[in-house]
Amino acid sequence: MKLTKQNFEKARGFILANARMIERRLFDFHFNGGSANGVFHAVYAYRNNDGGFGYGMEPDTASPESQPLFSIMALETLDEVGYLNAELIRNDFMPYFESITTEKGGIPWMFRPKSEYPCGEHFKTVKEWAALSTTSSLLGILEKYKINIPWMKKAEQFVWAEIERIQEKHVFCHLCTPRRLQFLQHTKNRKKAAEAMSNLKNWIVADGVLFKDPSDDGWGLYGKPHSLNYAPYPDHILNPIFSKETIESDLEGLLNKQKTDGRWDTWYGISEGTKLEWAGIQTLWTLKVLKSYGSIEN
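Per this note's numbering, the sequence shown starts with residue 95, numbered consecutively.
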């Protein structure tokens, strides 16, 4: 079963008519051979003078204030299109991250907004302490690009301590897991990484983690993950923990989730406009997954 040409065109039309510029540029990069430079400029539209990224890089807030998570998202997006290099990371990103590092050595997930802008309720009560997901992702990227700076030593101690403390508690969050993987795949401590990777794989395949009802509106969204949330392309490090039948079943489930206007939907959004932005994000993600598994008609 594959996405038909007609349904691909519907998805394309939905993205071009409704998604943010960043998703439109990413679509152009992944499906039209577009420029990574265009993605760079779309990402940097969210950048502040302090080097952090704000302005709703995640559509649940319209606040311009810099946020650690948004800055991580910016790094990850530039990495996705091959635009990152050591010099850019050192000069454009690390001054901000070093300025928000906590005494424990990690960086927070989010800060509570200090200005009056529309935002989701969960932003108003966020815990501002250091977080595993953001810190591990940043460390993994630094290791990937062969960067060695003093900041990393205490940050790595924090990440290992958090992995031991949290263990399986974040496995249901398919947005947190790849950030932990980023660190485990690139850290120099291969012995500890192998043990942590083995544990992570066992936790993911444990009963109750994968959500197996594609008819549920939340299937594949936050807290209700399927196999493709963890293995979004065939040569992903987590792909072997899922059977071929599971992957194929979830691909079929994804295909059946497409709406008549071409979108794949979410329940996220603080307004009708941001719901469309989230749908643009989800639609692009789905198209990338389907493409990687050869599930789009030529």
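Note that the Cβ used here is the ideal one computed from N, Cα and C, for glycine as well.
- A contact is defined here as three or more CB-CB pairs under 8 Å, and the segment 162 to 169 fails this definition with respect to the segment 379 to 392.
- In the DSSP assignment, Q100 falls within the alpha helix (DSSP H) that extends over K99 to N112.
- DSSP, reduced to helix, strand and coil, places A156 outside both helices and strands of the structure shown, so it counts as coil.
- In the three-state reduction of the DSSP assignment, P334 falls in the helix class, which pools H, G and I.
- Going by DSSP, E215 is part of the alpha helix (DSSP H) stretching over E215 to K218.
- Rounded to the nearest whole angstrom, the C-alpha separation of K369 and H320 is 22 Å.
- Counting only the Cα atoms, T360 lies some 22 Å from Y387.
- For W203, there is no enclosing alpha helix (DSSP H), as DSSP marks it with neither H nor E.
- Membership of W358 in any alpha helix (DSSP H) is not indicated, and neither H nor E is assigned to it by DSSP.
- G234 places its beta carbon less than 8 Å from that of H280.
- With respect to the 8 Å criterion, G374 and R114 are classified as neighbours on the basis of their beta carbons.
- Taking C-beta separations shorter than 7 Å and ignoring five residues to either side along the sequence, the partners of T98 in its chain run E391, following chain order.
- Here DSSP, grouped into helix, strand and coil, assigns Q161 to strand.
- For a cut-off of 8 Å, the C-beta gap from D154 to F217 is around 7 Å, short enough to register as a contact.
- In this chain, S309 is not harboured by any alpha helix (DSSP H), its DSSP state being neither H nor E.
- In the three-state reduction of the DSSP assignment, A225 falls in the coil class.
- Per DSSP, the beta-bridge partners of F147 are R141 and Q161.
- In the three-state scheme derived from DSSP, where H, G and I count as helix and E and B as strand, I390 is classed as strand.
- Contact between the segment 192 to 204 and the segment 242 to 260 is present: 3 or more CB-CB pairs across the two stretches fall below 8 Å.
- Below 8 Å, enough C-beta pairs join the segment 186 to 196 and the segment 141 to 155 to call them touching: three or more.
- Here F121 carries a helix assignment [DSSP, helix/strand/coil].
- Contact holds between the segment 319 to 338 and the segment 294 to 306, because three or more Cβ pairs, one in each stretch, are under 8 Å apart.
- In the three-state reduction of the DSSP assignment, A255 falls in the helix class.
- Proximity of the segment 338 to 355 to the segment 287 to 299 falls short of the contact definition, fewer than three beta-carbon pairs being nearer than 8 Å.
- Pairing P212 with G363, the inter-Cα distance amounts to about 11 Å.
- Annotation: the segment 270 to 302 contains the following complete segments of the alpha helix (DSSP H) (minimum length 4 residues), in chain order: 271 to 280 and 284 to 298.
- Boundaries of the alpha helix (DSSP H) harbouring M188: M188 to S193, taken from the DSSP string.
- Considering only K96, A105 and V137, the residue with the shortest C-alpha distance to W358 is A105.
- If you draw a straight line from the Cα of L110 to the Cα of A156, it is about 21 Å long.
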